């Protein structure tokens, strides 16, 4: 059974750095068909993709947030970590990690999601 | 930067009716790269359709996807009570992923 679980602080202060961990089970982060993204959703709003990491450690970031984001993984611990610097109240959102799978060359989709963790940015 | 625009914002329908959701892209792309998700309140999104028209495992055949170029459609042939939810389209190009703003299907 595939599961992903996000963990991290529920409350951060403006200007602080947020660190979120996604712990996965039921698959390996070294499987080259699989990769992981972080995605967020402000209350009542749309989904926003943040960052992605492949099994070969290739990383991609949302260009509008690029300078604030870092994604990494520890395959031995089955964890993917996202850090976001200089947090602001507009960053208040539910943060999800999601597994990307591939059906054929170039056809990727998020087939498993964590439950999400609500992070509030407030002083 | 590619933008996905979903319409309508809200669709008010009755159970048994047909729902047609639109996703329009700001630039053309391969239909392989269009995905649909369903999200219910308090839950994570759920994969519905990938590659524009391939249903994910366990998705009932009342859900279908179509389209090409810049115009894509999710159709629910006969709405069941559990289908009233929020729907997102999404594009990827291997280095970035973009979501539409969503269409809410609500009970009329």
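Residue numbers (our numbering), protein chains in the order written: chain F, 29 to 151; chain D, 19 to 126. Every residue, glycine too, gets a C-beta built ideally from N, C-alpha and C. On a predicted model such as this, the values are computed, not experimentally measured, just so you know.
Query: Could you say which of F/42, F/56 and F/41 lies nearest to residue 108 of chain F if we only look at CA atoms?; Result: F/56
Query: Would you mind stating whether residue 75 of chain F and residue 63 of chain D have Cβ atoms separated by less than 9 Å?; Result: yes
Query: Quick one: what's residue 40 of chain F bridged to in DSSP?; Result: F/149
Query: Take residue 118 of chain D and list the residues in its own chain whose beta-carbon comes closer than 6 Å to its own, dropping the five residues that flank it on each side.; Result: 22, 24, 41, 106 and 107
Query: Any beta carbon of chain F sitting closer than 9 Å to that of residue 90 of chain D?; Result: no
Query: In chain order, what residues of the same chain have a beta carbon less than 6 Å from the beta carbon of residue 101 of chain D, not counting five sequence neighbours either side?; Result: 94
Query: Beta carbon of residue 46 of chain F, beta carbon of residue 141 of chain F: below 9 Å?; Result: no
Query: Would a C-beta distance cut-off of 9 Å place residue 63 of chain F and residue 106 of chain F closer than the cut-off?; Result: no
Query: Closer than 8 Å between beta carbons: that is the criterion. Which residues of the segment 95-109 of chain D meet it against chain F?; Result: 106 and 108
Query: I need the DSSP call for residue 100 of chain D, collapsed to helix, strand or coil.; Result: helix
Query: Leaving aside the five residues before and after residue 38 of chain D along the sequence, list all residues of the same chain whose C-beta is less than 7 Å from its C-beta, in chain order.; Result: 91 and 93
Query: Can you name the residues of chain D whose CB is closer than 7 Å to the CB of residue 143 of chain F?; Result: 62
Query: Could you tell me the boundaries of the beta strand (DSSP E) in which residue 64 of chain F lies?; Result: 63-69
Query: Along the chain, which unbroken stretches of the beta strand (DSSP E) at least 3 residues long are found entirely within the segment 43-111 of chain F?; Result: 46-53, 63-69, 76-82, 87-89 and 97-102
Query: So, are the CB atoms of residue 81 of chain D and residue 67 of chain D less than 9 Å apart?; Result: yes
Query: Between the segment 110-141 of chain F and chain D, which residues of the former have a C-beta closer than 7 Å to a C-beta of the latter?; Result: 124, 131, 134, 135, 136, 137, 138, 139 and 141
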